[in-house]
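Protein chains in written order, with full-length UniProt numbering: chain A, 1 to 107; chain B, 1 to 473.
Everything on this sheet refers to the single structure shown next.
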Ligand SMILES: Cc1cc2nc3c(=O)[nH]c(=O)nc-3n(C[C@H](O)[C@H](O)[C@H](O)COP(=O)(O)OP(=O)(O)OC[C@H]3O[C@@H](n4cnc5c(N)ncnc54)[C@H](O)[C@@H]3O)c2cc1C
Ligand code: FES
């Protein structure tokens, strides 16, 4: 299930990434938030009640979109999904579980 | 923080929206070498926000009637490239001892913090949506109105297939129009302001007839395309199975309970100025009865109570993009005047006249689209008020009853409201209304949330393997 719906600019080059260990495809110029929410229905789960969240303001104000990200075999970073662009091969997590190290192509 | 030694201090402008860009260009044209700092990668601010590289729709498609103005702002800095240092993707997270603390990333993507001393400062930090929550507002699929617009403008995406825009303010109609044009179904536009307010506001709105006409155009277009428009409504609850969004429940102006099926909701009650940096710079604030918020005190040119610190644009009080351009230029001219540099007196007079007109218009907008009266009255105890710390209205009410705080920062210390990652940007307006209602005091009597550096969370450099269950940025 996806939350965001693409209405324009759909012929951009694809970018491959991993979401909770599964290969996924988004488009060049997508933020992490767009990439995730065009193929899933949440960005993260809250620390107290575990309820699903999917960002709120998209402009770096609410801070409800910080997720865990790994590039290749690098360390886990926490990034603000609405203001970070997706890069080829990123491994993203939508839960408290650390994004796995994914080797090999994401396509 | 250690102030870096520097011999030649420069004027610094925070924010590269219409206000900040005009301020920078005005200073450069007068021969100064300002530094312009913005969190975003490209100039434009909120209204003229530029999509990331790779998205190629022309300004006409992104900004409609405002395309020419957008293009002018996007290209204004280029002729002064040798004079204006534009620090992009750089957050100002603190102000202390005449210097800004900045955060950006080095070539390898690692966060770095630096110190930038200034000799004068123009704050053009803009605004974010003013939010009043309703039960269900934290569900995936509910976004701020501004967020709904950014999805479309900067990413070509909508927040759903069948969307409701709810709250109040002129952006409600503009964004509904933009969604309908993009191909989404706009299930309803639900405005909490009674229609009669717009009639009362009409004389003031005539101060800017072009803007008024554009607003009327969007509303007429929506009506012609059979988009249901309702005013004077009360928003009740968002519902759907398993925490999703399936319907918005509301009460119409005649008091009838209604329900609109939808899969996305854009919510907003006008805008709220970003004033944290003015606060940290030591500026004196005053309560503005019309906006129902605390704003930095300033004269008509943008001078604050602190010598050498100016505010301009929506960050100094909401007045819109055209006003922001004029205010940015006016603040820059004030800075020049205060340094004893020559300025064109006819330009100053013309700007002062325009700004007075914008002030009349924006006052009328607050009359047309006010915060709903009695909003805090019948909120259920179970509703989450603070989405960062998941604090409910019931917890706040309990804290007010047992510890009797009369002021917002005391309530914050007791309940953690406004202490979360957003520092009250999303819940502060609502918390103030709840505290005012529970204590029977006017909102003006309960103070404002004081910002704490860093004013936005900073990325940790590199984290060791995170502890599972930990979820703080
Ligand atoms: C999402 C959104 C959409 C809007 N759309 C419209 C519209 O379609 N039509 C309309 O008439 N009005 C719109 N508005 C109103 C709009 O805010 C103003 O019309 C106009 O953009 C105000 O210009 P400004 O220069 O004052 O601030 P802004 O344009 O908001 O620019 C402020 C800039 O400051 C930067 N900034 C703020 N704090 C910091 C910091 N601490 N560190 C670094 N950088 C910082 C921000 O990144 C931003 O680029 C919108 C507002 C919002 C929030
Ligand atoms: S969605 Fe609000 S900060 Fe990212």
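Where is the CB? At the ideal position from N, CA and C, for every residue including glycine.
With residue i as the anchor, note down where its alpha helix (DSSP H) starts and where it stops.
i: residue 18/B; result: 18–29
i: residue 288/B; result: Where residue 288/B is concerned, there is no enclosing alpha helix (DSSP H), although the beta strand (DSSP E) it sits in stretches over 285–288.
i: residue 25/A; result: Per DSSP, residue 25/A belongs to no alpha helix (DSSP H); it is in the beta strand (DSSP E), 22–27.
i: residue 360/B; result: 345–368
i: residue 85/A; result: Unbroken run through residue 85/A: none, as it is neither H nor E.
i: residue 170/B; result: 170–182
i: residue 200/B; result: 195–205
Chain B beta carbons: is any one of them nearer than 9 Å to that of residue i?
i: residue 103/A; result: no
i: residue 62/A; result: yes
i: residue 39/A; result: no
i: residue 59/A; result: yes
i: residue 83/A; result: yes
i: residue 46/A; result: yes
i: residue 3/A; result: yes
i: residue 49/A; result: yes
i: residue 77/A; result: yes
i: residue 43/A; result: yes
i: residue 72/A; result: no
i: residue 55/A; result: yes
Can you name the residues that DSSP bridges to residue i?
i: residue 10/B; result: 118/B
i: residue 259/B; result: 249/B
i: residue 67/A; result: 79/A
i: residue 92/A; result: 19/A and 69/A
i: residue 14/A; result: 27/A
i: residue 235/B; result: 250/B
Which two residues bound the contiguous beta strand (DSSP E) that contains residue i?
i: residue 129/B; result: 127–129
i: residue 74/B; result: Here residue 74/B belongs to no beta strand (DSSP E); instead the alpha helix (DSSP H) covers 67–75.
i: residue 96/B; result: 91–96
i: residue 265/B; result: 264–269
i: residue 104/B; result: 99–105
i: residue 144/B; result: 142–144
i: residue 296/B; result: 293–296
Mind checking whether the beta-carbon of residue i lies closer than 8 Å to any heavy atom of ligand 2?
i: residue 147/B; result: yes
i: residue 386/B; result: no
i: residue 55/A; result: yes
i: residue 130/B; result: no
i: residue 45/A; result: no
i: residue 78/A; result: no
i: residue 81/A; result: yes
i: residue 64/A; result: yes
At a cut-off of 8 Å, would you count residue i as near ligand 1, judging by its Cβ distance to the nearest heavy atom?
i: residue 77/B; result: no
i: residue 59/A; result: yes
i: residue 137/B; result: no
i: residue 103/A; result: no
i: residue 18/B; result: yes
i: residue 50/B; result: no
i: residue 301/B; result: no
i: residue 279/B; result: no
i: residue 66/B; result: yes
i: residue 306/B; result: no
Could you confirm whether any beta carbon from chain A is found closer than 9 Å to the beta carbon of residue i?
i: residue 122/B; result: no
i: residue 152/B; result: yes
i: residue 147/B; result: yes
i: residue 457/B; result: yes
i: residue 159/B; result: yes
i: residue 142/B; result: yes
i: residue 387/B; result: yes
i: residue 470/B; result: Since pLDDT at residue 470/B reaches only 41, below the 50 mark, its modelled position is unreliable, and the value read off the structure follows with that caveat. It does: the Cβ of residue 470/B has a partner Cβ on chain A nearer than 9 Å.
i: residue 473/B; result: Any reading at residue 473/B must be qualified, since the residue scores a pLDDT of 45, below 50, and its modelled position is unreliable; no value is offered.
i: residue 295/B; result: no
i: residue 36/B; result: no
i: residue 390/B; result: yes
i: residue 60/B; result: no
i: residue 561/B; result: Since the first residue shown for chain B is 1 and the last is 473, residue 561/B is missing from the structure and cannot be characterised.
i: residue 138/B; result: yes
i: residue 156/B; result: yes
i: residue 340/B; result: no
Beta carbons nearer than 9 Å to chain B: which residues of the segment 8–35 of chain A have them? 8, 9, 10, 12, 13, 27, 28, 29, 30, 31, 33 and 34
Chain A contacts made by the segment 124–135 of chain B, where a contact means CB separation under 9 Å: 128, 129 and 131
Looking at chain E, which residues of the segment 421–443 of chain B have a Cβ within less than 9 Å of any of its Cβ atoms? The displayed structure is made up of protein chains A and B, and chain E is not among them.
Members of the segment 74–105 of chain B near chain A, C-beta cut-off 8 Å: none
For the segment 42–54 of chain B, which residues have a CB atom closer than 8 Å to at least one CB atom of chain A, in sequence order? 46, 51, 52, 53 and 54
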